[in-house]
Ligand SMILES: Cc1cc2nc3c(=O)[nH]c(=O)nc-3n(C[C@H](O)[C@H](O)[C@H](O)COP(=O)(O)OP(=O)(O)OC[C@H]3O[C@@H](n4cnc5c(N)ncnc54)[C@H](O)[C@@H]3O)c2cc1C
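Residue numbers (the working numbering): 6 to 439.
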């Protein structure tokens, strides 16, 4: 965990804090003793890729950098146990060496396992669930320093609640994750007009293992991306050290994209041409790679993001409204809208709890005010009973969240039982979960 001048900040630079204390435990017993002795608020950042102030603490931050690496793999049952702060860029190569792979991943591999499980992070695929739902077991240190193991059969309420709990039940130290035999994916990316994308959406979503698109509202074009199993030859996977460096590599396209986003607020006449340009540049060539290299893409240009999960059948209508509102109000954003699908699960606070979902994400350059774009879109997501991504911007109150999550109150009761003094709550979480 990196502090600059005693300050911690998240990836998008929108969340900052100055912790009084940073604890850097080397092993679990040391962590347990420190948690027992420490007064709140105690927060545990992963890699800081959440846009909401989940990790901010003016009290104590826990640096889990020592808790990385593969502990054991079980190819017979296709599971593997990792220390909880292992970054995803290291998970892929470690699993590959055991002949295994994650079932799905999101857009990037910079986050930690604890972070993606903690917020219900997801990729795309109608049959594929979030990271939280693919946890097979986990171990954590509770507020009183007690170490607890959870599986579907052991501590079942902690299991149902803990797999997506924003670090409020305790500090995860080990995560056993479901995997599958290592596989290759062929990627196709192509451009469709908005009309074509909507006409073919059902087929595209159901006939590809993974399908997503990025809609540039002012170009009225969708950049589509599919990933499917293949036996075609793929280059050998890169070593973990190469993967570590991969995330924010910046090419000429990224520099142009950043530059245009810098000037767009002062040059709205560039909206249409820039959306046209970027929708032309974005589709890449078809290529075959091992899965852990096929899923992530570099994200060299910083942004803030809002993403909601709506019932899958309502996804296209909701998206149409979002695009119409952005265009109708001439909202200034250089970024496309991202559309994905995720399968229902049984994790209490998962945005996909008992609901097959479509996710719709809007982004704004990190130096640009998000109020108009996010406010406009959130009003639409609200009408579609959208559930916000916990790591991405939203303004929902505790009462609203309670109406969206059938198990919200049960979660709160469990949280209070486990952490009666609110040690793991910062002011943001206190307002929502106390
Ligand atoms: C460029 C970018 C791309 C993204 N792409 C996607 C995507 O494709 N799909 C998607 O769903 N989301 C995506 N996200 C959101 C991101 O995956 C989530 O916000 C995720 O939680 C970030 O992981 P992290 O390791 O950075 O965790 P942080 O943001 O640092 O922490 C997230 C939460 O997890 C908790 N936590 C972390 N480690 C532990 C632990 N060991 N024990 C207990 N709690 C812990 C923290 O306390 C916090 O509450 C993206 C974000 C960015 C910036």
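Cβ atoms here follow ideal geometry from the backbone N, Cα and C, with glycine treated the same way.
If you're wondering where the values come from, they're calculated on a predicted model, not measured in any experiment.
When the Cα of residue i is compared with those of the options, which residue comes out closest?
i           : options               : result
residue 295 : 185, 289 and 91       : 185
residue 166 : 100, 435, 434 and 423 : 423
residue 183 : 163, 110 and 233      : 110
residue 116 : 127, 59, 52 and 267   : 52
residue 1   : 305, 327, 57 and 150  : The structure shown does not extend to residue 1, since the chain spans only 6 to 439, so no value can be given for it.
residue 332 : 377, 123, 263 and 15  : 377
residue 354 : 42, 126 and 114       : 126
residue 403 : 390, 433, 425 and 205 : 433
residue 232 : 66, 131 and 203       : 131
residue 317 : 307, 299 and 346      : 346
residue 282 : 292, 259, 297 and 293 : 259
residue 48  : 21, 92 and 32         : 21
residue 65  : 269, 257, 14 and 431  : 431
residue 6   : 43, 72 and 57         : 72
residue 379 : 10, 360, 330 and 319  : 330
residue 277 : 17, 42 and 335        : 335
residue 274 : 244, 224 and 292      : 224
residue 203 : 214, 170 and 229      : 229
residue 300 : 240, 108, 84 and 90   : 108
residue 89  : 134, 248 and 172      : 172
If you draw a straight line from the alpha carbon of residue i to that of residue j, how long is it in whole angstroms?
i           : j           : result
residue 1   : residue 81  : Only positions 6 to 439 of the chain appear in this structure, which leaves residue 1 out of reach.
residue 246 : residue 302 : 16 Å
residue 26  : residue 40  : 12 Å
residue 388 : residue 324 : 12 Å
residue 348 : residue 216 : 13 Å
residue 321 : residue 121 : 26 Å
residue 8   : residue 23  : 9 Å
residue 200 : residue 209 : 14 Å
residue 326 : residue 242 : 41 Å
residue 385 : residue 394 : 15 Å
residue 45  : residue 352 : 26 Å
residue 70  : residue 222 : 41 Å
residue 160 : residue 154 : 7 Å
residue 128 : residue 28  : 32 Å
residue 151 : residue 176 : 11 Å
residue 62  : residue 123 : 17 Å
residue 261 : residue 174 : 43 Å
residue 382 : residue 78  : 43 Å
residue 270 : residue 421 : 45 Å
residue 140 : residue 272 : 47 Å
residue 98  : residue 187 : 10 Å
residue 100 : residue 337 : 42 Å
residue 119 : residue 180 : 8 Å
residue 256 : residue 263 : 11 Å
residue 135 : residue 168 : 10 Å
residue 248 : residue 84  : 22 Å
residue 162 : residue 156 : 10 Å
residue 95  : residue 74  : 8 Å
State the beta-bridge partners of residue i as determined by DSSP.
i           : result
residue 369 : 309
residue 358 : 350
residue 79  : 84
residue 184 : 107
residue 16  : Answer is none; residue 16 lacks a bridge partner.
residue 280 : Note: residue 280 sits in no beta bridge, so no partner.
residue 219 : 228 and 343
residue 192 : 232 and 292
residue 22  : 13
residue 66  : 27 and 48
residue 177 : 145
residue 315 : 363
residue 264 : Per DSSP, none; premise fails for residue 264.
residue 198 : 226
Chain B beta carbons: is any one of them nearer than 8 Å to that of residue i?
i          : result
residue 63 : The structure shown has no chain B; it contains just one protein chain.
Is there contact here, the segment 414-422 with the segment 143-150, by at least three beta-carbon pairs under 8 Å?
no
Determine, using beta-carbon pairs with one atom in the segment 34-43 and one in the segment 401-414, whether at least three such pairs fall under 8 Å.
no
Are the segment 279-288 and the segment 192-201 touching, with three or more C-beta to C-beta distances below 8 Å?
yes
Every unbroken alpha helix (DSSP H) within the segment 89-159, with a cutoff of 4 residues, ordered by chain
93-102 and 118-124
Count the CB pairs spanning the segment 363-377 and the segment 332-342 that are closer than 8 Å, and state whether there are at least three.
yes
Tell me the start and end of each unbroken alpha helix (DSSP H) in the segment 391-420 that is at least 4 residues and wholly inside, in chain order.
403-409
Runs of 4 residues minimum, wholly inside the segment 25-55: which ones carry the alpha helix (DSSP H) assignment?
33-42
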